[in-house]
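Working notes, structure below.
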Amino acid sequence: MKSLQKKFNVIISLTMLGFSFAFYSASAQNDSAVFKFKPSQQSWIVPAGVTKINVNAYGAQGGSAKGGKGGLVKSELQVKPGTNLLIYVGSQPEGTNGGYNGGGKGCGNGTGGGGASDIRINGSALENRILVAGGGGGAGYVGDAGAGGGLIAGEGKYDTLSIHIAKGGTQEAGGSGARAYFSGSGKLGIGGDGIDNRGNCSNDAMAGGGGGYYGGGAGGAGGAGGGSSFTNADNKNVIHLQGVKEGDGTIIIYWQNPKK
């Protein structure tokens, strides 16, 4: 927890290679709590007198430096003092392991998907998630891994042929795996595993999908799809960004301390 001295609200628009990226900073508050990856549930109790918090949540990157980067969700949330928020922070996996909190497994030379980062209230089930930042897809031996985050996460691909594309998770379903290798599809909260429909590592380089609200599809020769982000109706002033976080995920909570 730390004290922040300045209040700011900055919007920077950057156009690069034909794509427009918007970067936003939440207004700084008096106090903050930073949650880094731990392979277990963490928690934070809303302090007395606090009724509003700002959250910056980052999903984890998929395995290896070529894994898709994790997504970012910024949100304002009305809360009640004394409420226990359950915190899950995703990890960037090593090798074929899936990242903590939903990353799909890779196989052979394919890496696992990055784990999502989320906040849950009134229970630890996936249905209790109120905010999710999607993890990036794992890397295959060639092609691009899908970025985590956004209402529809990024695709992983080997080339432009549709049979080699692993879809990102959406708001309604997990991303489909690469059809050329019958790769696993994502599910609620979980990225698809990099194995074919017979349980085999059919080309020895299948990548796991990123964890998220819905997980990304697994890759074949190419990268896997990223996991989608999510906020429920109680979240206000929500901003979604894709593919911004390298390494493990992080969740930062800001609030105004009424005692200061």
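Each residue of the sequence shown is one higher than the last, beginning at 1375 in the numbering used here. Just so you know, even glycine gets a beta-carbon here, dropped at the ideal spot from N, CA and C. Owing to the predicted nature of the structure, the values given are computational and were not obtained by experimental measurement.
query, result
"Are I1419 and G1456 close, meaning C-beta to C-beta below 8 angstroms?", "yes"
"Within 10 angstroms of the Cβ of A1513, are there 16 or more other Cβ atoms? Answer buried if so, exposed if not.", "buried"
"If you draw a straight line from the alpha carbon of A1490 to that of A1521, how long is it in whole angstroms?", "12 angstroms"
"Hey, could you find the ends of the beta strand (DSSP E) E1450 is sitting in?", "G1444 to Q1452"
"Cβ of A1592 within 8 angstroms of Cβ of G1558?", "yes"
"Take N1404 as the anchor and find which of I1427, I1613 and F1411 has the nearest alpha-carbon.", "I1427"
"According to DSSP, is A1554 part of a helix, a strand, or is it coil?", "helix"
"If you count every other CB in all the chains shown that lies within 10 Å of the CB of P1467, and 16 or more means buried, which is it?", "buried"
"I need the straight-line Cα distance from D1567 to I1539, nearest angstrom please.", "15 angstroms"
"Which full runs of the beta strand (DSSP E) of 3+ residues lie inside the region 1415–1485, going along the chain?", "1416–1419, 1426–1432, 1444–1452 and 1458–1462"
"Give the DSSP-derived three-state secondary structure of I1526 in the structure shown.", "coil"
"In three-state terms, what does DSSP make of L1500?", "helix"
"Just to confirm before moving on: does the CB-CB distance between N1577 and A1595 stay below 8 angstroms?", "yes"
"Taking DSSP as the reference, what is the three-state secondary structure of S1406?", "strand"
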